[in-house]
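Asker: Got a structure here, written out as structure tokens. Questions coming.
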Amino acid sequence: MEEKIKQSIKNVLEDFGISTETISLEHPADMSHGDYSTNVALVGFKKLQSPPAGGPKTFAEEIVAKLREQNISNVAEISIAGPGFINFKLSPKYFTDELANVLADGEKYGRGTALQGKTVMVEYTQPNPFKPFHIGHLMSNAIGESLSRIVENQGAKVIRANYQGDIGLHVAKAIYGILKNPSNHSGQAAGAYPKGTPAEVAEYIGKCYSDASNLYDEDMAAKAEIDALNKKLYYQDVELWSLYQEGRQITLEAFEELYKMLGTKFDVYYFESAMAEEGTKLVEEFLDKGVFEKSDGAVVFHAEKYNPKLHTRVFLTSAGLAPYEAKEIGLTVRKFADYNPDISLVDTATEQRDYMMVVTEAIRQMFPDKKYAERMMHVTHGMMRFASGKMSSRKGNIITGESLVLDTVALISEKMTDRGWSLAEKTEVSEIVGVASIKYSILRSKIGSDIVYDVEKSISTEGDSGPYLQYALMRAKSVLEKAKAEKISPKISHTAESVGDFEKMIVRFPEVALRAWSEAEPHHLITYLTELASGFNSYYAQGKIVDPTDSHSPHKLAVTSAFATVMRNGLSLVGIRIPERM
RNA sequence: GCGCCCGUAGCUCAACGGAUAGAGUGCUUGUCUUCGGAACAAGUGAUGUGGGUUCAAUUCCUGCCGGGCGCACCA
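Right, dumping it as structure tokens:
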């Protein structure tokens, strides 16, 4: 539809001797202005050889006259407003046909073809074994999972990848803590892991890590020991190996349980430990080829030579070890070898922005013909800060990603309306709703910015929230079930009265889904779905939908059904699960 | 010091260079409680600041003020 109108405008402009590649056609913020609006008369006015004396408005009139001659199908009315906007009003039939498409397409409604045939790798979450799963990982997971689904929805084959730091100083710290257990956590004997679920053991490891981390800064002797451990681990010391393997395994299992709750399933896991060798080799190879240079014993890359805004970074330390930079090179080569993605989308925290640009520049210089750099896309998320100064979880610990999820789920559980749940049902529902509320808080704003999270407010029973979206859908479901019981079937009636703002909003879903991809911004979906839920709640409040005495009842049911379909598809794109009841 | 990001109602967030800057929350008031009130409706209230570009600036450029992040052997 949009393309058809644009084409017509283009034709008309050519008649006036104006050629433009891009025509701006948008939905006016105020729906009473029409369904589409263009500013071509305002923009094109200056390009005219002999502009009409009446100004842009007169020019708009001339354009409109010609547009009307074209008789664009489904365009009911063309008018001029304000300084020279041309507004298009579509015929009701266009919308009722679209609603019929929603019902016919079901879960396929809203799919696009922008990435048809492409392979996209999305790399996200990236927690580190031996360390707690913290809030940043939760943000990365919510964003990455949503982007994965948005990309999939545009026809791409998606590879979900998780790159984890299973080697490095943090591991040495954790191992040191386990070997010594200086605070005697859980009364656990030093040098071994306690018995328990993966989550419990991971929590123990987290405490050991934290102890060692403090000692590292305060105690010179401890620092020396940890540094020595780090070196031993790097060279896979036999004595430490089983302790290392067990701890690595168990923290990874604990992460896996969280992914399940969050609704993520990774296709591939990459580990830093496996990238050091390949990365080192590559850096050395390209040192000879002149991409890298020696400086103070280290191997560095002077990114500022190619882009003055970038800086120099170390790719191999003077001790000959591979820092993150070299491992990233190894990872890049590996993932392109494994999947050859058309786009490699990576989500990290914002502080890695410049670092990533330097690495990307190095890759550009290393592999100009393979176009790796051109296919790399980096998005960054901000930090989650907490309102009300409440920085610890219910158990009094530092808030981790895991404790935030569990605390939120527990609060939701307390506030749930009792519907005669079994314990299993209640657990399941509170989990789905609790995770939804966290994901909503993360995804509702632009992904780059920091977000302020208030545990109490985000699960408050009123207003903008994940539960609000789920609740609207539950209501719609209820209505549809009641209609079924009363044997009224949904049927679209193709009359002018049957198209209101709410119906128009429903059929905008495909373009919102597309925009979420083209800007890589899930928050467009959240904003849209919130408006849509609000629209439905108003629609619902206006009068009965299921009413045997109302001849419009079948149409209202069709609209309700279309709403439910779009809400389901939309929630799926942001990675929010839908409960059976709530 | 240099680079990147940000500054919008009391608070948390929107706005593809466009029309009267939208939501939620808070506060004030109302609906209804017959399809699920975790709801609906009404009122209240904002673009940090000085220039510039444009028919049109929250949006682009620029000065200042304020905040976050990054800038060599950590990840």
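Under numbering that gives the first Met the number 0, the first residue of the first sequence carries the number 0, and numbering increases by one thereafter.
Where a beta carbon is used, it is the ideal one built from N, C-alpha and C, also for glycine.
Only a predicted model underlies this, so the values are computations on that prediction, with no experimental measurement involved.
#1: Can you have a look at Arg-159 and say buried or exposed, based on whether 16 or more other CB atoms are within 10 angstroms of its CB?
#2: Pairs of beta-carbons, one from the segment 163-179 and one from the segment 204-213, closer than 8 Å: are there three or more?
#3: Considering only DSSP beta bridges, list what Tyr-268 is partnered with.
#4: Please state the DSSP three-state secondary structure of Arg-474.
#5: Excluding sequence positions up to five away, which residues of its chain have a Cβ less than 6 Å from the Cβ of Phe-265?
#6: Can you list, in chain order, the residues of its chain with a C-beta nearer than 7 Å to that of Asp-226? Leave out the 5 residues immediately preceding and following it.
#7: Going by DSSP, what residue range makes up the alpha helix (DSSP H) through Glu-245?
#8: When you compare each of Leu-281, Ser-552 and Arg-352 to Arg-333 by their alpha carbons, which one comes out closest?
#9: Helix, strand or coil, according to DSSP, for Ala-519 in the structure here?
#10: Mind listing, in chain order, the continuous beta strand (DSSP E) runs of no fewer than 3 residues lying wholly within the segment 405-481?
#11: Tell me which residue opens and which closes the alpha helix (DSSP H) that Gly-363 is part of.
#12: Can you name the residues that DSSP bridges to Glu-76?
#13: So what does Ser-36 bridge to, in DSSP terms?
#14: From the DSSP output, in three-state form, read off Ser-552 for me.
#15: Can you tell me whether Asp-584 is buried or exposed, with buried defined as 16 or more other CB within 10 angstroms of its CB?
#16: Return helix, strand or coil for Glu-579, following the three-state DSSP convention.
#17: Where does Met-566 fall in DSSP's three states?
#18: So Asp-346 and Val-119 are supposed to be a Cβ contact under 8 Å. How far apart are they, rounded?
#19: Give me the DSSP bridge partner(s) of Ser-343.
#20: Take every Cβ of the segment 523-535, pair it with every Cβ of the segment 462-481, and state whether three or more of those distances are shorter than 8 Å.
#21: Using a threshold of 8 Å, state whether the C-beta atoms of Phe-129 and His-169 are closer than that.
#22: Looking at Gly-447 and Gly-381, is the spacing between their C-beta atoms short of 8 Å?
#23: How would you write the range of the alpha helix (DSSP H) that Phe-285 sits in, first residue to last?
Answerer: On the basis of the coordinates in this document:
#1: buried
#2: yes
#3: Asn-161
#4: helix
#5: Arg-159 and Asn-161
#6: none
#7: 237-261
#8: Leu-281
#9: coil
#10: 450-452
#11: Reading off the sequence shown, one finds Arg at residue 363, where the question assumed Gly. 352-365 is the extent of the alpha helix (DSSP H) around Arg-363.
#12: Lys-88
#13: Glu-25 and Asn-86
#14: helix
#15: Residue 584 is absent from the structure shown; the chain starts at 0 and stops at 581.
#16: coil
#17: helix
#18: So it is not a contact: roughly 13 Å between Cβ atoms.
#19: Met-120 and Met-375
#20: yes
#21: yes
#22: yes
#23: 275-287
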